[in-house]
Ligand SMILES: Cc1ncc(C[n+]2csc(CCOP(=O)(O)OP(=O)(O)O)c2C)c(N)n1
Ligand SMILES: [Mg+2]
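In the working numbering, the protein residues as written are -16 to 746.
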């Protein structure tokens, strides 16, 4: 046994726990000092200023657009959010400038600044060849002219995205609150407060795994730090197993992530630091998650040099494997939550003018002039350059092409998958060879079929990682992953905290940045804890990014129904997730399907909810050895017949098969279509069958109200009405809550007799 076994001995010796100290406002330098100490060159100082100006100009444009007062877009009616970050430019520019240009950032609903800064810094860091790839029309250009062109294109694409234009970074599918440029490591702004934090954490997990020297900067506001998934993420980032040599062995390396907490002192309107939390300094959040307080410090977020300094030091810590880091940037937004918020209900004019007096642009401009880095004349030229660039970009964006309405659902899914594994990932390092899973008469249990699929896919592609609660040494609550850690090691099979939102959210970030996570949800009921990450993040990013990113994640969710576990461990929730466009929803009913579909799911580049039933785990069936793939979205006719079609999926298939046997004795010949995949849905196979039989019952274990069975019934009605000899009926669980008592649960779940009764109502 190479894994660490805990040897915890009781020890109740009285002592005091030292929570340590968190430094605040360490940096007191000026631009002159920074240049003298070689922290910065004069041109770099000017870049900081230009980038802050770019953000200010961009957001003042939004303010003016609302009143129609932006000259180059006269008459253009801007609709969409107006969460400007005016006042906070130093944090965006300081942080992005303190990182390498290919590092990752995630951002928020107030993320124009982060997005612009990230792009500006990245473009400056690029070679001419890389810049040409961004502006192919300028391929003949080079040097400063090419740089200018790429910068203007950056501003243009950002404005075009705000305006919902096809030329926008996300082809107008995302807008300002979801703006992203994955080419430069901008993994997306996020309109869900806190929603991007686990994504950032997952990106850092993948950077740690690939050891690609990348740091992630996770921007999120003070308000977000009350959100569960944020706290889950902080805990996750500090997991002992990442650095503790007993677990991490020679792979010890702290998570390379900087949580940049932008404390502008307000959630939407309430004070996050004094009103709705019990702490006066948000940096104290770090103290709850690691013994070293995550190297936390409070930084003057109105001073771009202080922000730059803090981020440079934090990034160095991260690259040295000493992350994660939490930086609280003490900052302020001069406007309200959005332009519809007049601010006068919750803060004073005195407060606002005190912060206006330390406007990061004004104070930095003063320093630049005083230090002689720029003259008044050159400063005016720079301001004019930024304003003109913005005006030109906005004018072009306003008249550029809208997306074609016929493309409204284009980009919902990707049709790509990993048919060939790149050589770099095709020969994973193994700690030992996996023990073959033994078949009896060519048969495997459903759960061994899943384990075999996982093992084969992990052997095939080193990017496939498996994580979830207790999946490592213990092998998961149902032992499906037992032994995988011995073969693949803790880098690829690891236990997570009991943090479903972080499990599902880190998987999104890891998937966006090159890994192929298979995350286990011990019970499907717990998917509700993670519904934002599954539904708003995993499912939506391919579309919201205008197909600029794929999220190849598989969530394996186990349904506990039928075991007497009561209302919170028994739900069959796949119907709920079929209502979320962007997500595939699969539910195999046989061991062979479980293997073939899981293997295909892991290779597919769509986010997938893979539902399993604990009732099926010990069911045996023939399972082909080795490479066996079932295409997703293809239903399977499990029994042919001519009188009536049963459409079903999951464990209800067994009830349908039983019912069919009994009905055969009564001369009713039943055809059974096992959907296997609800999304994508193979309606053709259903319709072909119903057109033949003229009668149909749709059967699942979902409670009937709001069930996907209704979707099938209505589509049959719409598309095969002329072939029907009777209404389409549905069988499901009772419209209630799963009870614990055996007799009640038996009455609750549908069985073969329910199916037979429904079938007989069709004549
Ligand atoms: C999960 C979630 N809850 C509520 C909202 C509505 N909302 C949008 S921004 C915001 C305040 C966020 O405060 P903070 O994190 O400090 O960011 P700031 O707006 O100050 O930049 C709220 C409540 C949301 N978008 N997402
Ligand atoms: Mg805030």
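Just so you know, even glycine gets a beta-carbon here, dropped at the ideal spot from N, CA and C.
Look at residue i and residue j and say whether their C-beta atoms are less than 9 angstroms apart.
i           : j           : result
residue 168 : residue 88  : yes
residue 572 : residue 634 : yes
residue 517 : residue 538 : yes
residue 605 : residue 723 : no
residue 225 : residue 217 : no
residue 698 : residue 680 : no
residue 737 : residue 714 : yes
residue 735 : residue 639 : yes
residue 129 : residue 140 : no
residue 285 : residue 28  : no
residue 630 : residue 643 : no
residue 676 : residue 625 : yes
residue 279 : residue 5   : yes
residue 528 : residue 153 : yes
residue 521 : residue 536 : yes
With a 10 Å radius around its C-beta and 16 neighbouring C-beta atoms as the bar for buried, classify residue i as buried or exposed.
i           : result
residue 608 : exposed
residue 120 : exposed
residue 574 : buried
residue 360 : exposed
residue 750 : Residue 750 falls outside the range modelled here, since the chain spans only -16 to 746, and no answer is possible.
residue 148 : buried
residue 403 : exposed
residue 729 : exposed
residue 602 : buried
residue 195 : exposed
residue 312 : buried
residue 415 : exposed
For the beta strand (DSSP E) containing residue i, list its first residue and its last residue.
i           : result
residue 499 : 499 to 504
residue 619 : 619 to 622
residue 478 : 476 to 478
residue 87  : 87 to 89
residue -4  : Neither: residue -4 is in no beta strand (DSSP E) and is coded neither H nor E.
residue 603 : 603 to 605
residue 426 : 426 to 428
residue 569 : 567 to 569
residue 467 : Segment 467 to 471 is the alpha helix (DSSP H) holding residue 467; no beta strand (DSSP E) there.
residue 704 : Segment: none, residue 704 is in no beta strand (DSSP E) and carries neither H nor E.
residue 451 : 447 to 451
Once you ignore the five residues that flank residue i on each side, which residues in its own chain have a CB closer than 7 angstroms to its CB?
i           : result
residue 213 : 177, 180, 203, 207
residue 82  : 198, 200, 294, 298
residue 132 : 118, 121, 124
On the DSSP letters alone, give me the boundaries of the alpha helix (DSSP H) that residue i sits inside.
i           : result
residue 301 : 287 to 302
residue 103 : 95 to 108
residue 150 : Unbroken run through residue 150: none, as it is neither H nor E.
residue 716 : Unbroken run through residue 716 is the beta strand (DSSP E), 712 to 716; no alpha helix (DSSP H).
residue 41  : 25 to 50
residue 408 : Counting along the chain, residue 408 falls outside any alpha helix (DSSP H), and DSSP gives it neither H nor E.
residue 727 : 725 to 731
residue 598 : Element bounds for residue 598: n/a, residue is neither H nor E.
residue 561 : 557 to 561
residue 121 : Per DSSP, residue 121 belongs to no alpha helix (DSSP H) and is neither H nor E.
residue 384 : Here residue 384 belongs to no alpha helix (DSSP H), and DSSP marks it neither H nor E.
Quick one: residues in its chain with C-beta nearer than 6 angstroms to the C-beta of residue i, no 5 flanking neighbours on either side, listed in chain order?
i           : result
residue 496 : 186, 189
residue 374 : 55
residue 580 : 569, 571, 613
residue 513 : 483, 484, 487
residue 532 : 165, 495, 524
residue 509 : 483
residue 270 : 2, 276
residue 307 : 220, 238, 240, 277
residue 616 : 660, 663, 665
Taking 8 angstroms as the limit between beta carbons, can you name the residues of its chain near residue i, skipping five residues before and five after?
i           : result
residue 24  : 18
residue 57  : 51
residue 411 : 441, 442, 444, 445, 471, 475
residue 122 : 115
- [ ] Starting from the N-terminal side, write out each stretch of the alpha helix (DSSP H) that is 4 residues or longer and does not extend beyond the region 224 to 283.
- [x] 228 to 231
Task: Length-filtered (4 minimum) alpha helix (DSSP H) runs lying within the region 304 to 378 - done: 332 to 339, 343 to 353
TODO: Only counting runs of 3 or more residues, tell me where the beta strand (DSSP E) segments fall wholly within the region 492 to 550, in order along the chain.
DONE: 499 to 504, 537 to 542
Task: Every unbroken alpha helix (DSSP H) inside the region 165 to 227 [4 residues or more] - done: 179 to 193, 211 to 220
- [ ] Could you name each continuous alpha helix (DSSP H) segment of 4 residues or more that falls completely within the region 623 to 683, going from the start of the chain to the end?
- [x] 635 to 648, 666 to 676
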